[in-house]
Amino acid sequence: MKAIVCKFLGPTDTKGARYKATAYGSSITIGYDYEARTGADAARKAAEALCAKNGWKGELIEGTLPDGHSSVFLLKGSV
0 MKAIVCKFLG PTDTKGARYK ATAYGSSITI GYDYEARTGA DAARKAAEAL
50 CAKNGWKGEL IEGTLPDGHS SVFLLKGSV
């Protein structure tokens, strides 16, 4: 089982809004998907992108960290 933390990164002078997905030993940053219905949907896309990057397959189970801003996903399946 893998834990993936997804954090929203606000826009800067040079970069637009984005999400960073991090798991032990790997991370990816993707642009914010403005077509996503919610921030949680955008965070899921970041987690899915990290899984695709590493060839991880399985079910993503979603939760929220106590800070109320970061999403966490548990990947249940083959890693």
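Numbering follows numbering that gives the first Met the number 0, in which position 8 of the sequence shown is assigned residue number 7; successive positions increment by one, without gaps.
All C-beta atoms in this analysis are idealised placements derived from N, C-alpha and C, irrespective of residue type, glycine included.
Counted as a single uninterrupted DSSP element, the beta strand (DSSP E) harbouring Gly30 occupies residues Ser25 to Gly30. Shown here, Gly62 sits in a strand according to DSSP, grouped into three states.
The beta carbon of Glu58 is closer than 8 Å to those of Leu74, Lys75 and Gly76 in its chain, skipping five residues each way along the sequence.
In this structure, DSSP gives Ala22 an extended state, which the three-state scheme calls strand. Your pair Lys44 and Asp32 checks out as a contact, with CB atoms roughly 5 Å apart and the cut at 8 Å.
Distance from Ile3 to Phe72 at the Cβ level is roughly 4 Å; contact confirmed, criterion being Cβ atoms closer than 8 Å.
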